[in-house]
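> Residue numbers (my numbering): 5 to 372.
Structure, rendered in structure tokens:
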């Protein structure tokens, strides 16, 4: 199949999956909402338009909420490109936020340097933690999916233990750390919104990962292993090293995302459960078809729906968990290999027929 036809097929397939997911959401909305019209307006329009005018604050909030899921989406994108179904971005994001917070509290530094060092240390720790599923996969042939899933909960309860028993600020009414130093904060672009400078760091990270994946030898090796690991091995690619590298890169990105989110939107670390950004990152990577450049757009789409579901819960009484239903349906149809397979087969046949006709015409021209 020609690349343009394959691309067209994937775009159509993705759009149909999204439309089906939204249609399913509509059905649940009509069942749950007292005023379905108001609920749909909250989902589709109110995230950006309020009282007939652009709601700038809401738009900036949506952009701000894309930041952590861009990082986790990129992390999953790199790992899935190598056919490594590592789901540890969820726990590593939480760990990155915790490490970043501790650096922000207990290691005083100058403004500008402080936040950079906190994010850097969180990234390094995230990469080191991801060595666990990576090395067990390469050395022991263990499933990286199982190891990373279990690792998420090991991280969760380790962080909660340290938070409750070592680093908690007992003067507060809820469980949280002491406040960060102001020098460690990731600045807010517009006061009163959730948009921080972390958003621009996330966009830069997406560009860097895209260049890495499509313009470097290591990125090519990651994609080749994802396509055919056996062929890559016989081609001389060091499969084990690349598998480890892909998961470590994923850990670095997830750790950075966690630190940037905590240092940007909070004044202390107060996550008492897994934040959910890693799971959302899987949906983002699937929507983006493991293309780093498309990750910010997929993250924006999910953040928009998230904001719409939040407004539905406030104004229309529809459960905010509607976003989980939409993501689940999108995941289902994107993951289903047979979804629209007949349409794909028709494109294959059409391309083959056109190629045969073209070659036949070329042969006639040569004989003439």
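Using N, Cα and C, we set each Cβ at its ideal position, and we do this for glycine too.
(1) Once DSSP output is grouped into helix, strand and coil, what is the label at residue 271?
(2) Exposed or buried, which one is residue 50 when buried takes at least 16 other CB atoms within 10 Å?
(3) When the Cα of residue 187 is compared with those of 120, 236 and 258, which residue comes out closest?
(4) Would residue 130 be called buried (16 or more neighbouring beta carbons within 10 Å of its own) or exposed?
(5) What number of angstroms, rounded off, separates the C-alpha of residue 20 from the C-alpha of residue 197?
(6) Going by the beta-carbon positions, is the gap between residue 292 and residue 307 smaller than 8 Å?
(7) On the DSSP letters alone, give me the boundaries of the alpha helix (DSSP H) that residue 72 sits inside.
(8) Using the rule of at least 16 other Cβ atoms within 10 Å of the residue's Cβ for burial, across every protein chain shown, is residue 17 buried or exposed?
(9) By a C-beta neighbour count over all protein chains shown, 10 Å radius and 16 as the cutoff for buried, is residue 342 buried or exposed?
(10) Quick test of your reading: residue 104 and residue 289, contact by CB under 8 Å. State the CB separation rounded to the nearest angstrom.
(11) Taking residue 299 as part of the alpha helix (DSSP H), name the residues at either end of that continuous run.
(12) Going by CA-CA distance only, name the one from 253, 322, 242 and 110 that's closest to residue 90.
(13) Using the beta-carbon count (16 or more within 10 Å), is residue 23 buried or exposed?
(14) Does DSSP classify residue 343 as helix, strand or coil?
(15) Quick one: what's residue 200 bridged to in DSSP?
(16) If you reduce the DSSP assignment to three classes, tell me which class residue 105 lands in.
(17) Report the rounded CA-to-CA distance for residue 294 versus residue 15, giving the unit in angstroms.
(18) Can you tell which of 316, 159 and 200 has the C-alpha that lies nearest to the C-alpha of residue 92?
(19) Looking only at its chain, what residues have a beta carbon closer than 7 Å to the beta carbon of residue 285, apart from the 5 residues adjacent to it on each side?
(20) Where does residue 57 land, buried or exposed, given buried means 16+ other C-beta within 10 angstroms?
(21) For residue 172, collect the residues of the same chain with a Cβ closer than 8 Å to its Cβ; drop the 5 residues on either side in sequence, then sort them by chain order.
(22) Using C-beta distances below 7 Å, list every residue in its chain close to residue 125, excluding the 5 sequence neighbours before and after it, in chain order.
(23) On the three-state DSSP scale, how would you describe residue 23?
(24) Is the number of C-beta pairs between the stretch 215–228 and the stretch 191–207 that are closer than 8 Å three or more?
Judging by the given coordinates:
(1) coil
(2) buried
(3) 120
(4) With a 10 Å radius around the Cβ and a threshold of 16 neighbouring Cβ atoms, residue 130 comes out buried.
(5) Cα to Cα, residue 20 sits roughly 33 Å from residue 197.
(6) Cβ distance not < 8 Å, so residue 292 and residue 307 don't count as in contact.
(7) 60–85
(8) Buried, because 16 or more other Cβ atoms sit within 10 Å of the Cβ of residue 17.
(9) No answer about residue 342 holds up, because its pLDDT of 48 lies below 50 and its placement is not dependable.
(10) The Cβ separation is near 23 Å, so there is no contact.
(11) Its alpha helix (DSSP H) spans residues 299–319.
(12) Selection 253, 322, 242 and 110 evaluated against residue 90 yields 253 as nearest (Cα-Cα).
(13) Looking at its Cβ environment, which holds fewer than 16 other Cβ atoms inside 10 Å, residue 23 is exposed.
(14) Only weak support is given to the placement of residue 343: the predicted model assigns it a pLDDT of 49, under 50, and the value that follows is read from those uncertain coordinates. Here residue 343 sits in coil by DSSP.
(15) 192
(16) helix
(17) 13 Å
(18) Among 316, 159 and 200, the Cα nearest to that of residue 92 is on 159.
(19) 73, 76, 77, 79, 80 and 93, listed in sequence order.
(20) exposed
(21) The answer, listed in chain order, is 179, 180 and 181.
(22) Excluding residues within five positions, the ones whose Cβ falls inside 7 Å are 103 and 107.
(23) helix
(24) With a cut-off of 8 Å, the stretch 191–207 and the stretch 215–228 do not count as touching, because too few Cβ pairs lie within range.
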